[in-house]
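Student:
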Amino acid sequence: MSTKQLIAITPICTSYNVEVSFVATLKELGLIALTRQKEEFYIHIDEVPTVEKMIRMHRDLNINPEGIDVIFNLLERVDTMQSEMTALKNRLRLYEDDL
Numbered sequence: 015m016s017t018k019q020l021i022a023i024t025p026i027c028t029s030y031n032v033e034v035s036f037v038a039t040l041k042e043l044g045l046i047a048l049t050r051q052k053e054e055f056y057i058h059i060d061e062v063p064t065v066e067k068m069i070r071m072h073r074d075l076n077i078n079p080e081g082i083d084v085i086f087n088l089l090e091r092v093d094t095m096q097s098e099m100t101a102l103k104n105r106l107r108l109y110e111d112d113l
């Protein structure tokens, strides 16, 4: 993995004024993936928007990391159900066109 695609956690925590332990808890819950290189933890650049969203939930809505885990799991289920519903609508259209 290229280090150009990784961002150190410490500057992110400093700029968003959150504890490194908060990000560590997100990692422990399996919500984000961190890479360790030379005594520093890094996050892939593609995951930064997700971490920003989690930080906003924590700060603005006072949601703890476990609550964020529940919310993200529910959002994932909603996305899955929407995809399934779209597929079912497309299949139904095939039968309606035959009539």
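Using the working numbering, you'd call the opening residue of the sequence shown number 15 and step up by one each time.
Beta carbons are placed, not taken as given, at the ideal position from N, Cα and C, and that holds for glycine.
These numbers were taken from a predicted model, which means no experiment stands behind them.
Nearest CA to the CA of I82: which residue from M68, E42 and E90?
Tutor: M68
Student: Compute the Euclidean distance between the alpha carbons of T64 and R91, then round it to the nearest angstrom.
Tutor: 17 Å
Student: Which term fits V84, buried or exposed, when burial requires 16 or more other beta carbons within 10 angstroms of its beta carbon?
Tutor: exposed
Student: Quick one, are the C-beta atoms of L48 and I57 less than 7 Å apart?
Tutor: yes
Student: Excluding the 5 residues preceding and the 5 following V32 in the sequence, name in chain order all residues of the same chain whose CB lies nearer than 6 Å to its CB.
Tutor: I69
Student: My output table needs one value for I82: the three-state DSSP class, helix, strand or coil.
Tutor: helix
Student: Residue range of the beta strand (DSSP E) that A22 falls in?
Tutor: L20 to A22
Student: How would you call V37, buried or exposed, if buried means at least 16 neighbouring beta carbons within 10 angstroms?
Tutor: Buried, since its Cβ has 16 or more Cβ neighbours within 10 Å.
Student: Do F55 and I21 come within 7 Å of each other at the CB atom, strictly closer than that value?
Tutor: no
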